[in-house]
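**Q** Numbering (our numbering), first residue to last: 558 to 1246. Note that CB positions come from ideal geometry on N, CA and C, so glycine has one too. To start, I am sharing the structure in question, which I have written as structure tokens.
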Amino acid sequence: MSESKEAPTAAEPEPPSPIPVYTTSWMLVLCVVGLDYLSSLAYQPSVAFSAAGVLAPLVTVVVVAVTFLLAVPLYCYLAGRSPRGLGSAGMLERLISGWRGKFLVVALLGFAATDLVFTRTFSAADAAEHLLYSPFGPWKRTLTDAAKIGEDAKAELPQEVTGVVGHGDSKRLIVTFAILLAGSVISIWCRKGMIRGLVRFSALSLGIYLVLTAIIVGTGVAFLIDHSDAVESWWRKVGDKATDPLANPNSYAGWIPLLIAAAVLFPKLALGLSGYELALTGMPLVRGSMTDQPDHPRVRIRRTRYMLVTLAGLMAIYLFSTTFVSTLLIPSEAFQTDGLAANRSLAYLAHGGPIIPGGTLSPLFGQWFGAAYDLATVVVLTLAGVTVLISTRELIPPYLCRLGMEWERARRIGVMMYLFTGLKIAVTYIYKADVDAQRGAYLTGVLALFTVASFTGVVDVWQRRATQGRVQFFLLLPLFAVGLVVFAISFVSVVWSQPDGIILALMFVVLLLGTSMITRFFRSMELRVEGFSFADEQSKAMWDDLIRNDYPMLVPSRPGGECLINKESEIRKLHRVPDHLPLVFIHAELGDASDFYQRPLIRARREDGRVVVYITRCASLAHTIAAAALEISKSGVVPEIHFGWSLENPLTANLNFVLFGHGNVPWLVHTLIRSADMPAEKKPRVLVG
558 MSESKEAPTA
568 AEPEPPSPIP
578 VYTTSWMLVL
588 CVVGLDYLSS
598 LAYQPSVAFS
608 AAGVLAPLVT
618 VVVVAVTFLL
628 AVPLYCYLAG
638 RSPRGLGSAG
648 MLERLISGWR
658 GKFLVVALLG
668 FAATDLVFTR
678 TFSAADAAEH
688 LLYSPFGPWK
698 RTLTDAAKIG
708 EDAKAELPQE
718 VTGVVGHGDS
728 KRLIVTFAIL
738 LAGSVISIWC
748 RKGMIRGLVR
758 FSALSLGIYL
768 VLTAIIVGTG
778 VAFLIDHSDA
788 VESWWRKVGD
798 KATDPLANPN
808 SYAGWIPLLI
818 AAAVLFPKLA
828 LGLSGYELAL
838 TGMPLVRGSM
848 TDQPDHPRVR
858 IRRTRYMLVT
868 LAGLMAIYLF
878 STTFVSTLLI
888 PSEAFQTDGL
898 AANRSLAYLA
908 HGGPIIPGGT
918 LSPLFGQWFG
928 AAYDLATVVV
938 LTLAGVTVLI
948 STRELIPPYL
958 CRLGMEWERA
968 RRIGVMMYLF
978 TGLKIAVTYI
988 YKADVDAQRG
998 AYLTGVLALF
1008 TVASFTGVVD
1018 VWQRRATQGR
1028 VQFFLLLPLF
1038 AVGLVVFAIS
1048 FVSVVWSQPD
1058 GIILALMFVV
1068 LLLGTSMITR
1078 FFRSMELRVE
1088 GFSFADEQSK
1098 AMWDDLIRND
1108 YPMLVPSRPG
1118 GECLINKESE
1128 IRKLHRVPDH
1138 LPLVFIHAEL
1148 GDASDFYQRP
1158 LIRARREDGR
1168 VVVYITRCAS
1178 LAHTIAAAAL
1188 EISKSGVVPE
1198 IHFGWSLENP
1208 LTANLNFVLF
1218 GHGNVPWLVH
1228 TLIRSADMPA
1238 EKKPRVLVG
């Protein structure tokens, strides 16, 4: 995948994205975007065992294979096609135009919101479990004292209040809310985005966390090398676990049923893939080169791909080794007991928990080492929630604002982020901060994003194959198609078994769509024109000439309508315009009416002695005509805009204007000009006759 082949075509520019505060090395960016991905090591080994039992290491091999064969190539490709960090949302908007594309983008953002909300609540809940069930003496005494104070306070409250949650739930909820609050405080510190201090602190925290994890894993692997009987015992259990009598792990043919069983269990372990969409949102932070082009920064794309491959390789090593060591050494009953290895298997080993052969893993492990590991894990899980919160703030509100589906002032205040905070509190309360209860909804969001990303990859490669016909597209197309099938089947499997996730996701989508369309309706009377582009130098010179030489009469006309001679004769007769006053005919053509902000393209020509201005790429005819008249009025004579009467039904005209960018044009042009921020004497006049 050469970068020179990945540049977006000029006809399909990628939507703009927020500019980061600063850029830095891709290795430091990896430490930020990798927080979500690598923090899953805190709970993934126990999740794998609870889902697959002794087959957990084999299913993890399937997760690693899917990562390298499907996820990494897909997101490396998306990095080249969406270099501004918009990921599959930016690709989807570019590939599918019109309202259909906008609705799909908003729906995708709803699923992204589901993923991001549950990433934060899930991480906070797991961090709470690491704190609540830590056997570190001073910490347990602190919790005991706090619980006693809480019980004393609880005794003073009415039964209606104290009966809302149980005693165990209340402790877990309080600690989880405290972690969410700490993350919110950090995000306020980072209100301008990913700042240098957060990046450096994330790198330090993740480095300590990975070193401590490596010590646990390395010690476990060394122990298993010295105690090969533990590996042989697990191997026998694998053979016994297989329900197919042909599944003999000691023969080549016997591996097929085992691999099929592992593949069937893959959807339950898909949390080990979470974080790739977040990695793309961090792409603008990657330092590029002075030679990078804005639309196709080759060096930034290449370094982002280095980051994605490195992150996948690092995660693959850690994910398999932690799952393998945990499965072989931790007793199965410990995975099923709160406070032992459930959702905190590595912390169990770090605290010197009993292992299957008997005793502890290492004399190094105990209260102090375990406390250090718990602290590092809680910090990383909290920071993962912070980076997710910042990514949500920098992706969803600006995206909706650009589509006209969010108020600019509301974006600056952060209204949507307050709503997301309320959703996180509600989700945490509804699920009682239970990690296991949230898993299905979290999986739904993760697999939905991968399914949509695969779909955009398939559609984009198919379109480029049809137009460019390069060999690499014939290789990528079946690969992305396989990924689409795998992720779609996994998504359906999770939804079928745990439907609460899709219900919540659809609620997010409906809420986002409803509020977005209402906001778009009320914002439809904004001017919405960011400026004009010119097809060539001749058009630019003629436009400047219109302003300098005071052409006072603008006549909008429909492209392909009546000929200019008849139109001019009618206008001069009905509007009593003298023959010596020149007329400027404006042909405005609709582009994508679902776009909100627009930068129309002007092509000016002389035809039979008449000045004709062709304006294309218009999202709204009324906005374009009003903006053109205001632009002329800024430096030249105040023009008049002459319209004919429209026979269109007013209600139909207004609906056509809101949805399709045309309808009731004279009245809307007059309204837009009247509301423009300009002195009254400089506002163009609108005449209808």
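To the nearest whole angstrom, what separates the beta carbons of residue 898 and residue 618, a pair I think is in contact under 8 Å?
**A** Incorrect: roughly 21 Å between the Cβ atoms, too far for contact.
**Q** With a cut-off of 8 Å on the beta carbons, I'd call residue 985 and residue 733 a contact; round off their distance for me.
**A** Sure, about 6 Å apart at Cβ, within 8 Å.
**Q** With a cut-off of 8 Å on the beta carbons, I'd call residue 680 and residue 1149 a contact; round off their distance for me.
**A** About 39 Å; that fails the 8 Å criterion.
**Q** Considering only the beta carbon of each residue, do residue 624 and residue 869 sit closer than 9 Å?
**A** Yes, these two residues count as a Cβ contact at 9 Å.
**Q** On the three-state DSSP scale, how would you describe residue 966?
**A** Reduced to three states, the DSSP call for residue 966 is helix.
**Q** Could you pull out every unbroken beta strand (DSSP E) segment of at least 3 residues lying fully inside the region 857-929, listed in chain order?
**A** Listed in chain order, there is nothing to give.
**Q** Quick one: give me the first and last residue of the alpha helix (DSSP H) that residue 627 is part of.
**A** Where residue 627 is concerned, there is no enclosing alpha helix (DSSP H), given that its DSSP letter is neither H nor E.
**Q** Mind the definition here: the region 837-850 touches the region 579-586 only if three or more C-beta pairs lie below 8 Å; say whether that holds.
**A** In short, these stretches touch, since the Cβ pair count reaches three.
**Q** For a test of the three-state rule: what should DSSP assign to residue 1055, helix, strand or coil?
**A** Here residue 1055 sits in coil by DSSP.
**Q** Suppose only complete runs of 3+ residues qualify. What are the beta strand (DSSP E) ranges in the region 1060-1126, listed by chain order?
**A** If we require 3 residues or more, the beta strand (DSSP E) runs fully inside the region 1060-1126 come out as 1110-1114.
**Q** Is residue 927 near residue 693, with beta carbons less than 9 Å apart?
**A** Closer than 9 Å, so yes.
**Q** Go ahead and pull the three-state DSSP assignment for residue 752.
**A** Note: residue 752 maps to coil in three-state DSSP.
**Q** So, are the CB atoms of residue 772 and residue 665 less than 9 Å apart?
**A** No; because the gap between Cβ atoms is not below 9 Å, this pair is not in contact.
**Q** Hey, residue 1111 and residue 1186 are a contact pair by Cβ (cut 8 Å); roughly how many whole angstroms apart?
**A** Rounded, the Cβ-Cβ distance is 6 Å, consistent with contact.
**Q** So, under 8 Å CB-CB, residue 604 and residue 826 are touching, yes? Tell me the CB distance rounded to an integer number of Å.
**A** The Cβ separation is near 7 Å, so the contact holds.
**Q** Report all residues from its chain with a CB closer than 7 Å to the CB of residue 593; omit the five preceding and five following residues, and keep chain order.
**A** Counting only Cβ-Cβ distances below 7 Å, and skipping sequence neighbours, we find 676, 831, 832, 835, 941, 944 and 945.
**Q** Run through DSSP, which three-state label would residue 1129 get?
**A** In this structure, residue 1129 counts as helix in the three-state DSSP scheme.
**Q** Report the CB separation of residue 1194 from residue 1109 in whole angstroms; it is logged as a contact under 8 Å.
**A** Correct: roughly 5 Å between the Cβ atoms.
**Q** Are three or more beta carbon pairs between the region 1136-1148 and the region 1068-1085 nearer than 8 Å?
**A** Result no; under three Cβ-Cβ pairs closer than 8 Å.
**Q** Over the uninterrupted beta strand (DSSP E) stretch that includes residue 842, give me the two end residues.
**A** Unbroken run through residue 842: none, as it is neither H nor E.
**Q** If we call anything under 9 Å between Cβ atoms a contact, is residue 933 one with residue 998?
**A** Cβ distance not < 9 Å, so residue 933 and residue 998 don't count as in contact.
**Q** Alpha carbon to alpha carbon, how far is residue 788 from residue 885?
**A** Going from the Cα of residue 788 to the Cα of residue 885 covers about 7 Å.
**Q** For residue 850, which beta-bridge partners are listed by DSSP?
**A** 853.
**Q** Would the beta-carbon of residue 828 fall within 9 Å of that of residue 600?
**A** Going by C-beta atoms, residue 828 is nearer than 9 Å to residue 600.
**Q** Which complete alpha helix (DSSP H) runs does the region 1119-1198 hold, if anything under 4 residues is left out?
**A** Runs of the alpha helix (DSSP H) inside the region 1119-1198: 1121-1131 and 1178-1192.
**Q** Quick check on the DSSP output: the beta strand (DSSP E) that includes residue 1242 runs from which residue to which?
**A** 1242-1245 is the span of the beta strand (DSSP E), which, as asked, contains residue 1242.
**Q** Distance, Cα to Cα, residue 1022 vs residue 855?
**A** So the alpha carbons of these two residues sit roughly 21 Å apart.
**Q** Rounded C-beta distance between residue 863 and residue 903? I'm assuming under 8 Å.
**A** In fact, because the Cβ distance is near 28 Å, the residues do not count as touching under 8 Å.
**Q** For residue 1238 versus residue 1154, is the C-beta spacing smaller than 9 Å?
**A** No; because the gap between Cβ atoms is not below 9 Å, this pair is not in contact.
**Q** Identify the residues that DSSP records as bridge partners of residue 1200: which are they?
**A** Partner(s): 1245.
**Q** Any contact between the region 874-890 and the region 608-615? By contact I mean 3 or more CB pairs, one from each, below 8 Å.
**A** Yes, the region 874-890 is in contact with the region 608-615.
**Q** Does the beta-carbon of residue 951 have 16 or more other beta-carbons within 10 angstroms, so that it is buried, or is it exposed?
**A** With 16 or more Cβ atoms within 10 Å of its Cβ, residue 951 is classed as buried.
**Q** Under 7 Å Cβ to Cβ from residue 861, same chain only, skipping five residues before and after it: list those, please.
**A** Correct list, in chain order: 583, 636, 840 and 843.
**Q** My parser needs the alpha helix (DSSP H) runs of 4 or more residues fully inside the region 608-688; what are they?
**A** With a minimum length of 4 residues, the continuous alpha helix (DSSP H) runs that stay inside the region 608-688 are 613-623, 629-638 and 644-652.
**Q** In or out: residue 892 buried (at least 16 other Cβ within 10 Å) or exposed?
**A** Looking at its Cβ environment, which holds 16 or more other Cβ atoms inside 10 Å, residue 892 is buried.
**Q** Name the residue from 910, 1240 and 730 whose alpha carbon lies nearest to the alpha carbon of residue 682.
**A** Out of 910, 1240 and 730, 730 has the C-alpha closest to the C-alpha of residue 682.
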